[in-house]
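Protein chains: 2
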Amino acid sequence: MEIFERKFKESMVSKVPLLNRITHFIVRRKGKQMRPMFVFLVAKMVSKGNFTERTYRGASIIELIHTATLVHDDVVDDSNRRRGFFSLNALWKNKIAVLVGDYLLSKGLLLSIDHDDFDILKLISIAVKEMSEGELLQIEKARKLDITEDVYFEIIRQKTATLIAACCGIGAASVNASDEDIATMRKFGELIGIAFQIKDDLFDYTDAQIGKPTGIDIKEQKMTLPLIYTLNHCSKKEKNWLINSIKNHNRDKKRVKEVIDFVKKSGGIEYTISNMKDYQTKALSLLQNYPDSPYKSSLLTMVNYVIERKI
Amino acid sequence: MEIFERKFKESMVSKVPLLNRITHFIVRRKGKQMRPMFVFLVAKMVSKGNFTERTYRGASIIELIHTATLVHDDVVDDSNRRRGFFSLNALWKNKIAVLVGDYLLSKGLLLSIDHDDFDILKLISIAVKEMSEGELLQIEKARKLDITEDVYFEIIRQKTATLIAACCGIGAASVNASDEDIATMRKFGELIGIAFQIKDDLFDYTDAQIGKPTGIDIKEQKMTLPLIYTLNHCSKKEKNWLINSIKNHNRDKKRVKEVIDFVKKSGGIEYTISNMKDYQTKALSLLQNYPDSPYKSSLLTMVNYVIERKI
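Taken in sequence, the protein lines are chains B and E.
Heads up, the first sequence is in my numbering, so the first residue is 38 and it goes up one at a time.
Heads up, the second sequence is in my numbering, so the first residue is 38 and it goes up one at a time.
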């Protein structure tokens, strides 16, 4: 990861001093680096440890694109904090955040173009397109109280899972895996990505995530699986109370707490956890044909982390 | 152009209904379409009229990327109007504008990736990177009163000329021109693009552009060639007066008018026009080796339009 971090920093260098000051700032507030980890672990498992310069490059491309979307999210969500530092947005304003995001995005793409890495380029470009579509689908549908589970899963597949799918696909492509292996790893990443987002959405109903309050999604009228399930599995009277709570009382902390308690009592959490574990199981079944190795073990540890994490 | 417009519309289609409503809205407020015109005219001149499906695709890619930057500009500049309609930003908010820009950008790139058009992809990706760098360079340097002509030209080369360079390079690449032809056309587009931006900056000092007030750049303390020249070619006393006017009195309409008059009197406009014409001449010299044809004549008409336009 140290070698990767050095290469990642190098990949952002620009002739424009302002850009270098900002990217220096971005590197300091680095996150969990789950995405590059998936690139490396898949590459290692598929190649039995023989990953290449292309793997480092693939991980840098993924991290450039992921960072670009975080920077753009700062504009999008107008959030003041991310990863524990002040957001780029609060410090440098929207104007610069849009441009820096565009710069990082094009640097990521050029990194593959400059090395004629067209397999990797295709995997990442599909992810970029689907992420923006997923976010827009979320804006359009996620606040509708009659949202179906199918639409919920389509949103999280596009906005979150598609990039983790690209990580795993790129990890495999970077070690010249077969088309079949690349497709299998892409699917593996997609399933894990969906589980990852379900876990993220669960945090809003449980106290597990450190330092993050619950009930934010309800306050913002954002429908996620625990609530969607509950709305479709309660009496008409309870449903009316829920809809009224979400539409008209979502700023009332006590009422939001009551909604959370009702979701818990109705089995919404268990149902969601069971769904998440189904995705995990499906993902793990795709690893069956790969022989046991220290690399595969590390990948399994990552998969468990996605499900068990407290943050 | 009719066939192109149909293909361009098709290239934006998404599964997300919200996106289709917005892109429908974008297509309605279409601009001068100067960029696709350059793609077609260069392709026609180089191929002697035999342009191909790739030319249409190249033009669509350019227009997708250009539209993406316009949509992102709406966030960037917080401007309320563009192309005579309300901006996307004012109607749909920043959140959506960033995502729609990202979507159009990735659709443009995927259009070339899906057809294995890697020459075109490389030309356009460089342009995307340079445009964001150019805008950031402008933010960093263009309000400094000691900005040099070199920095001014680097800003306009990156933020404006690089995309017109890509148009002309892609026009040539789309008809399987030689690497030399592609490089020549790229350079031709860059020179014309610089002339185009110089003309744009001149509008702020002349009354030529219909419906646009003068003095906006001075009000925003944005240094362009007429003013940079004047600051470097006047007495120390006049320079102090100019600096004081720009720094401390740039909201005073009468004072801004006095600055414009001083720039005119000092030869700043003539110098800028002469520079613009030099770029035009250099651009035209690159066309000398291409035989006369109706296609070349149309391209020359476009070049004159860039310099002579009133809007």
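We put the CB at the ideal spot given by N, CA and C, even for glycine.
- In the three-state reduction of the DSSP assignment, Leu182(B) falls in the coil class, being assigned neither a helical nor a strand state.
- Pro263(E): member of the alpha helix (DSSP H) spanning Leu262 to Asn269, first to last residue.
- Taking a beta-carbon distance threshold of 8 Å, Asp241(E) does not count as an interface residue toward chain B.
- Bounds of any alpha helix (DSSP H) do not take in Ser272(B), whose DSSP letter is neither H nor E.
- Between Thr338(E) and Gly208(E) the beta-carbon gap is near 16 Å, outside 8 Å, which marks them as no contact.
- At a C-beta separation below 9 Å, His109(B) has these neighbours in chain E: Val135, Leu136, Gly138 and Asp139.
- Residue environment analysis places Ile253(E) among the exposed positions, since fewer than 16 neighbouring C-beta atoms fall within 10 angstroms of its C-beta.
- Around the beta carbon of Asp241(B), a 10 Å sphere encloses 16 or more other beta carbons of the protein chains shown; the residue is thus reported as buried.
- For Thr243(E), there is no enclosing alpha helix (DSSP H), as DSSP gives it neither H nor E.
- Of the candidates Gly86(B), Ile193(B) and Val165(B), the residue whose Cα lies closest to the Cα of Lys178(B) is Ile193(B).
- By the criterion of a C-beta distance shorter than 7 Å, Thr106(E) is surrounded in its chain by Met168, once the five residues flanking it on both sides are discounted.
- Closer than 8 Å to the CB of Val293(B) there is not a single CB belonging to chain E.
- One finds Ile150, Asp153 and Phe155 in chain E with Cβ atoms closer than 8 Å to the Cβ of Phe155(B), taken in chain order.
- A check of alpha carbon separations from Ile255(E) across Asn285(E), Asp216(E) and Val340(E) identifies Asn285(E) as the nearest.
- For Lys44(E) and Ser143(B), the gap between their C-alpha atoms comes out near 25 Å.
- Counting only the Cα atoms, Glu186(B) lies some 16 Å from Lys276(B).
- One Cα belongs to Leu323(B), the other to Ala203(B), and the distance between them is close to 16 Å.
- With respect to the 8 Å criterion, Ile235(E) and Leu262(E) are classified as neighbours on the basis of their beta carbons.
- The three-state reading of DSSP puts Arg94(E) in helix, counting H, G and I together.
- Residue range Lys290 to Lys302 is occupied by the alpha helix (DSSP H) that includes Val296(B).
- Contact between Lys46(E) and Val64(E) holds: CB atoms are separated by about 6 Å, below the 8 Å threshold.
- Neighbours of Ser169(E) in chain B, taken as residues at a C-beta separation under 7 Å, are given in chain order as Leu136, Asp139, Tyr140 and Ser143.
- Counting of Cβ neighbours within 10 angstroms places Ile157(E) among the buried residues, the total reaching 16 or more.
- For Thr338(B), the enclosing alpha helix (DSSP H) has its first and last residue at Pro331 to Glu345.
- DSSP places Gln317(E) inside the alpha helix (DSSP H), whose first and last residues are Gly305 to Ser322.
- It is roughly 36 Å from the alpha-carbon of Val300(E) to the alpha-carbon of Ile59(B).
- One Cα belongs to Leu136(E), the other to Pro328(B), and the distance between them is close to 41 Å.
- Taking the CA atoms as reference points, Leu148(B) sits about 15 Å from Glu42(B).
- Between Ser335(B) and Asp238(B), the alpha-carbon positions lie close to 25 Å from each other.
- Between Phe75(E) and Ile201(E) the beta-carbon gap is near 6 Å, inside 8 Å, which marks them as a contact.
- For Phe233(B), the enclosing alpha helix (DSSP H) covers residues Asp216 to Leu239.
- Contact of Lys166(B) with chain E is assigned, a C-beta pair being separated by under 8 Å.
- Under the rule that a run must span 3 or more residues, no beta strand (DSSP E) segment is found entirely inside the region 129-185 of chain B.
- Secondary structure at Asn326(B): coil, using DSSP grouped into helix, strand and coil.
- For Ile176(B), the neighbours in chain E by C-beta distance under 8 Å run, in chain order, Leu55, Lys132, Ile133 and Leu136.
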